[in-house]
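Data block below; observations after.
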Amino acid sequence: MIGSRRQILVRKILVWIALILGACFAGLPVLWMVSSSFKSNLEIFAYPPALIDESFSFQAYEAVLSDPGQLRFFFNSYLVAILVTICTVVTSILAGYSLSRYDFPFKKVLSLIIIGVQSVPPITLMIPYFGLIVWLGIYNSYAALVLTYMVFTLSYAIIMMTGYFNTLPRDLDEAVMIDGGGSFVTLWRILVPISLPGIVAVGVYTFMLAWNEFLFALTLTRTNDMRTVPIGIHLLMGQHSFEWNQMLALSVLGSLPVLILFLLFQRYFIAGMSAGSVKG
Amino acid sequence: MSNGQVIAAKSANIGWEQRKRKFLPYAYLSPTLILLAVLTVVPIVTVFLYSLFDNVIVNPNPPEFVGLENYEEVLTHRKFRAAVSNTLYFALASVIVHFLIGLSFALLLNSKLLGANVKAFFRVIYILPWVFTASIIAILWRLLMNPHGVINFVLLEIGAIPELLEWLSDRKLAIHSVTFINIWSGYPFYLVSFLAGLQGIPDDLYEAGRVDGGNAWQLFWHITLPQLRPIIISLALLDFIWTIHQFTLVWMTTGGGRNTEVLSTYTYKAAFSSYEYSEASATAMVILAICTLVAIFYVRSQRMTDE
């Protein structure tokens, strides 16, 4: 049943070959992007290509970081993503508590609607959305982006939060209720502190989505002082001469926050994401 | 206070408490419901109405009810049909290859022949494509797939292609290139879900299978796959919906040109380049209908796993 030592060695070698091929598929494109961001714009498509050539410098990064316009994109992205994260986390905790702990008329219909929002294509909302945002008086403002991203993130966040609360025994909150605590006190004092892993997962997911969104950021903002990093990259692409190294430097810098968040919280995040996708 | 008064006060209090209890779950849900009503339900109803009228939005003529005419016009349009078939190819190929890559990588990372640290290291690399946003992925692959880029160089050197290829601007190649890019960026979600799923399969099952004399392939076919079935179904349906939603990646690599028009870019152009808002609304409703249909299957499959 268990193979000989030789067989195990052969299998081990095969697994390692597959492992490294897979890593090349996933990692080499990223490595190439990072290395190209250190080249001069002339050397980007040099023949023959080299991972690192003599034009290596931080010039593209300096150009991005010394440009107030580009820094503004980062400021906007951080501000919007953090605001969305806070709002979505709070709203989804409240909604998840309701769906997890109460039985009430129309609960099934309401939760179906909340789940169903995930399947609504952004492009379907797009056509009337612009007019709606103008009518609400929030066109070209942070409020427009924050509210929009809440719509896109809430559905999944609520599913994750409800799922998390469902794993916590009801005895916990009943004990507090008997001691005279109201339902809000129960939620705030008991459920929220022990749900921190779930809340972190929701937060990281929300931040990533808000940081990365493109279509609505493009449509709902008019002036560059309101625009976010993905739009900044798009604007660089639209210029006459492609500043490849600057675009790549901006891309690397724009990916760092998400990458760091991901590395820090991958355990929570992976658990939360897969719980959400599997259990819905 | 007399006894009667105390009882009355208490029962009034209980009545209030009960009413509060009835009202509370809605109160907790209200921020969500208000937001979704204003920013999802209102736009959907509006776009549906737009699709039934002509002369909507910034048009000097008053809107005119035309029933299903917009749909008729759109559905018989040659370009729309091309967009439908491109979208189906894009979505189906993505879902199938995502599944294959995601499962292979998950099995690899779950191998008993590797140490925990090795697994943790490679897991991060394998998930890497996931952290990049669509606009950055578009830049990245425009760099690599440039006619003078590194992919052409390598393929030419090893003799796999006879000449430099225009990956993203050749009418025949572009749709495959865009699909490939979407595959690269989307498989980690499967990988992560499958990893969680694989760890949830009890070892006893494999033990029993081995006792019955099953080889590795049989164990995979009769234990692993059936155990992962619910995850596979929900992932595939969700991914299908997400791929149909995909706009940014196509928009920023080919702009929907070069025979890569998908439904989302088609709709965007109809609305914001041609200002054909009525037709665009009709296509927007068609996309919504497709996604809703798939979503119904998704919810059904979820229910089956719950029960």
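Quick note, the sequences are listed as chains D and U, same order. Residues in the first sequence are numbered from 17 upward in steps of one, following my numbering. Residues in the second sequence are numbered from 241 upward in steps of one, following my numbering. Glycine included, every Cβ here is placed at the ideal spot set by N, Cα and C. All figures in this text were calculated on a predicted structure; none of them were measured in a lab.
Going by DSSP, what residues sit across from residue i in a beta bridge?
{"i": "F305 of chain U", "result": "U:F293"}
Please return the same chain residues whose Cβ sits closer than 6 Å to the Cβ of residue i, not counting the five positions on each side in sequence.
{"i": "S311 of chain U", "result": "With the sequence shown as reference, residue 311 of chain U is identified as Tyr, and Ser is not the correct amino acid for it. Correct list, in chain order: A522."}
{"i": "I472 of chain U", "result": "none"}
{"i": "A97 of chain D", "result": "F223, A226, W227"}
{"i": "G219 of chain D", "result": "T101, V105"}
{"i": "P138 of chain D", "result": "L231"}
{"i": "F537 of chain U", "result": "L477"}
{"i": "I130 of chain D", "result": "S171, I174"}
{"i": "V133 of chain D", "result": "S171"}
{"i": "W445 of chain U", "result": "At residue 445 of chain U the sequence reads Leu, which differs from the Trp that was named. These residues qualify, in order along the chain: I463."}
{"i": "W381 of chain U", "result": "I421"}
{"i": "G43 of chain D", "result": "none"}
Can you have a look at residue i and say buried or exposed, based on whether 16 or more other CB atoms are within 10 angstroms of its CB?
{"i": "T507 of chain U", "result": "buried"}
{"i": "M17 of chain D", "result": "Summary for M17 of chain D: the model assigns pLDDT 46, below 50, so the residue's position carries little reliability; its value from the coordinates is reported in the next sentence. It counts as exposed."}
{"i": "G389 of chain U", "result": "buried"}
{"i": "G355 of chain U", "result": "exposed"}
{"i": "S93 of chain D", "result": "buried"}
{"i": "G496 of chain U", "result": "buried"}
{"i": "S293 of chain D", "result": "Note that S293 of chain D scores a pLDDT of 47, beneath 50, so its modelled location is shaky; the value from the coordinates is reported in the next line. So S293 of chain D counts as buried."}
{"i": "E299 of chain D", "result": "Residue 299 of chain D falls outside the range modelled here, since chain D spans only 17 to 296, and no answer is possible."}
{"i": "A360 of chain U", "result": "exposed"}
{"i": "E547 of chain U", "result": "Residue confidence for E547 of chain U is low, a pLDDT of 46 falling below 50, so the modelled location carries little weight; the figure read from the coordinates is stated next. When all chains shown are included, E547 of chain U counts as exposed."}
{"i": "K55 of chain D", "result": "buried"}
{"i": "D443 of chain U", "result": "exposed"}
{"i": "D479 of chain U", "result": "buried"}
{"i": "S334 of chain U", "result": "buried"}
{"i": "V394 of chain U", "result": "exposed"}
Rounded to whole angstroms, how far is the Cβ of residue i from the Cβ of residue j, which I believe are closer than 8 Å?
{"i": "F345 of chain U", "j": "L459 of chain U", "result": "So it is not a contact: roughly 19 Å between Cβ atoms."}
{"i": "L269 of chain U", "j": "L126 of chain D", "result": "7 Å"}
{"i": "T237 of chain D", "j": "M166 of chain D", "result": "That belief does not hold up - the Cβ atoms of T237 of chain D and M166 of chain D are roughly 17 Å apart, past 8 Å."}
{"i": "L405 of chain U", "j": "N392 of chain U", "result": "6 Å"}
{"i": "A111 of chain D", "j": "T272 of chain U", "result": "4 Å"}
{"i": "L489 of chain U", "j": "N350 of chain U", "result": "Not really, about 29 Å apart at Cβ, beyond 8 Å."}
{"i": "G248 of chain D", "j": "F89 of chain D", "result": "4 Å"}
{"i": "V216 of chain D", "j": "M49 of chain D", "result": "About 28 Å; that fails the 8 Å criterion."}
{"i": "L35 of chain D", "j": "F362 of chain U", "result": "6 Å"}
{"i": "T239 of chain D", "j": "N156 of chain D", "result": "6 Å"}
Which residues in the same chain as residue i place their Cβ atom closer than 8 Å to its Cβ, once the five residues preceding and following it in sequence are excluded?
{"i": "S52 of chain D", "result": "I60, W260, N261, L264"}
{"i": "E516 of chain U", "result": "A510"}
{"i": "V306 of chain U", "result": "L292, F293, D294, S518"}
{"i": "C585 of chain U", "result": "This structure cannot speak to residue 585 of chain U, because chain U is shown only from 241 to 547."}
Excluding the five sequence neighbours on either side, which residues of its own chain have a C-beta within less than 7 Å of the C-beta of residue i, listed in chain order?
{"i": "A323 of chain U", "result": "E501, V502, L503, Y506"}
{"i": "E313 of chain U", "result": "E519"}
{"i": "P369 of chain U", "result": "W424, S425, P428"}
{"i": "T327 of chain U", "result": "I484, V502, L503"}
{"i": "S433 of chain U", "result": "I471, L475"}
{"i": "K295 of chain D", "result": "For K295 of chain D, the predicted structure reports a pLDDT of 42, less than 50, and the residue's modelled location is therefore unreliable. A value from the coordinates is still provided. Answer for K295 of chain D: G179, listed in chain order."}
Just the chain B side, please: which residues come within less than 8 Å of residue i by C-beta, in chain order?
{"i": "S135 of chain D", "result": "Any reference to chain B falls outside this structure, whose protein chains are D and U."}
Q | Near-chain U residues of the segment 33-67 of chain D (beta-carbon distance less than 8 Å), N- to C-terminal order | A | A34, L35, G38, A39, F41, A42, G43, P45, V46, W48, M49, S52, I60, F61, Y63, P64, P65
Q: Would you list, in chain order, the members of the segment 258-282 of chain D that have their beta-carbon closer than 8 Å to a beta-carbon of chain U?
A: W260, M263, L264, S267, G270, S271, V274, L275, F278, L279, Q282
(Q) Under 9 Å, CB to CB, which of the residues in the segment 158-182 of chain D have a partner in chain U? (A) L163, T164, M166, V167, L170, S171, I174
Q) Going along the segment 99-118 of chain D in order, which residues come within less than 7 Å of chain U, judged by CB to CB distance? A) T107, L110, A111, Y113, S114, Y118
Q) Along the segment 305-330 of chain U, what residues have a CB closer than 9 Å to any CB found in chain D? A) none
Q: Using a Cβ-Cβ cut-off of less than 7 Å, list which residues of the segment 181-198 of chain D approach chain U; keep chain order.
A: The residues in question: there are none.
Q. When Cβ atoms are compared, which residues of the segment 471-491 of chain U fall closer than 7 Å to chain D?
A. Taking 7 Å as the Cβ-Cβ cut-off against chain D, the residues of the segment 471-491 of chain U that qualify are I471, S474, L475, L478, I481, I484, H485, F487, T488.
Q | Contact set between the segment 121-147 of chain D and chain U, restricted to residues whose Cβ is under 8 Å from the partner | A | Of all residues in the segment 121-147 of chain D, those with a C-beta nearer than 8 Å to a C-beta of chain U are K123, L126, L128, I129, I130, I131, G132, V133, Q134, S135, V136, P137, P138, I139, T140, L141, M142, I143, P144, Y145, G147, reading in chain order.
Q) Using Cβ-Cβ distances below 7 Å, what residues of the segment 230-247 of chain D are close to chain U? A) F230, L231, P246
Q) What residues from the segment 67-98 of chain D come within 7 Å of chain U, judged by C-beta to C-beta, listed N to C? A) none
Q | Members of the segment 338-363 of chain U that neighbour chain D once the beta carbon cut-off is set at 7 Å | A | F345, L348, S351, L353, L354, F362
Q) Which residues, in chain order, does the segment 274-288 of chain U contribute to contact with chain D at a C-beta distance below 9 Å? A) L275, L276, V278, L279, T280, V281, V282, P283, I284, V285, T286, V287
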